[in-house]
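The sequence shown begins at 226 in this note's numbering and counts up by one.
In this text, a Cβ means the ideal position worked out from N, Cα and C, and glycines have one as well.
Predicted model, so just to flag it, every value in this text is computed and none were measured.
Encoded as structure tokens, the structure appears first; notes follow it.
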Amino acid sequence: MPALPLHRLLALGAALATSVALAQAPNDTERYTLFHAPVTLLRNAQLFDGTDQPPREHMSVLIRDGRIAEVKPDAELKVPAGALVKDLAGAALIPGFVLLHEHLFYPTERGSYGAFFQSFPLLYLAGGVTTMRTAGSMSPYADLNTWKDIKAGTAVGPD
Numbered sequence: 226m227p228a229l230p231l232h233r234l235l236a237l238g239a240a241l242a243t244s245v246a247l248a249q250a251p252n253d254t255e256r257y258t259l260f261h262a263p264v265t266l267l268r269n270a271q272l273f274d275g276t277d278q279p280p281r282e283h284m285s286v287l288i289r290d291g292r293i294a295e296v297k298p299d300a301e302l303k304v305p306a307g308a309l310v311k312d313l314a315g316a317a318l319i320p321g322f323v324l325l326h327e328h329l330f331y332p333t334e335r336g337s338y339g340a341f342f343q344s345f346p347l348l349y350l351a352g353g354v355t356t357m358r359t360a361g362s363m364s365p366y367a368d369l370n371t372w373k374d375i376k377a378g379t380a381v382g383p384d
């Protein structure tokens, strides 16, 4: 078997080193979310429920596997074993916004549109959007791939 030339051996080494470094990169889901427990209990929150009722004080929200499982007054919701408990005194909780005409691009100058497939989903989440639908795209397959990455948990953004 012939020996590899030095330049090919170096290229192979660089490729292996890069793949090892990428495998160690932090998961963006953990980087951009506050709580990483299978069960999280948010206590002592002011809760706006999206109805015409005034906000409710001292409310608890139990989250299991990333989904809201229960919403009750603090006194009625017991702390589950092993739950991460966060006191939200002074904070308010609102339902997530559902937006139906969003884009993952932005006009950067006349006739030019920048694509923001990583930053825009994060900004939508930061603004309280939990569900969105793009309405028109400069790059529809990139939009679909962004959605697939979010569903797979390899990217962060609204459903």
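Status (buried if at least 16 other CB within 10 Å, exposed otherwise) for residue i
i      : result
Ile319 : exposed
Ala270 : buried
Ile293 : exposed
Val323 : exposed
Ala380 : buried
Val410 : For residue 410 there is no data in the structure shown, the boundaries of the chain being 226 and 384.
Val310 : exposed
Thr276 : exposed
Tyr331 : exposed
Tyr366 : exposed
Ser337 : exposed
Ser344 : exposed
Thr333 : exposed
Whole-Å CB distance - residue i paired with residue j, under 8 Å assumed
i      : j      : result
Gly382 : Leu347 : 7 Å
Ala300 : Leu266 : So it is not a contact: roughly 13 Å between Cβ atoms.
First through last residue of the beta strand (DSSP E) which encompasses residue i
i      : result
Ser285 : Arg281 to Arg289
Lys311 : Leu309 to Asp312
Phe330 : Phe330 to Glu334
Same chain, Cβ closer than 7 Å to residue i, five either side skipped, listed in chain order
i      : result
Glu282 : Gln271
Asp368 : Leu329, Thr359 and Ser362
Thr356 : Gly321, Val323, Pro383 and Asp384
Residues bridged to residue i [DSSP beta-bridge criterion]
i      : result
Phe357 : In the sequence under discussion, the amino acid at residue 357 is Met, which differs from the Phe named in the question. Leu324, per the DSSP bridge assignment.
Phe342 : None, per the DSSP bridge assignment.
Ala270 : Met284
Leu318 : Leu272
Ile375 : For Ile375, which the question treats as bridged, DSSP gives no partner whatsoever.
Tyr349 : Its beta-bridge partners do not exist; DSSP assigns none.
Other residues of its chain near residue i: CB distance less than 8 Å, five sequence neighbours each side excluded
i      : result
Ala317 : Ala270, Gln271, Leu272, Phe273 and Pro280
Arg335 : none
Asp312 : Arg268 and Asn269
Check: residue i C-beta below 6 Å from any heavy atom of the ligand MN
i      : result
Thr359 : Annotation note on the ligand MN: not contained in the displayed structure, which lists no ligands.
Min CB distance residue i to chain C below 7 Å
i      : result
Asp384 : Chain labels in this structure do not include chain C; a single protein chain is all it has.
6 Å CB neighbourhood of residue i in its chain, flanking five on each side removed
i      : result
Ala262 : Leu309
Val354 : Phe322, Leu324 and Pro383
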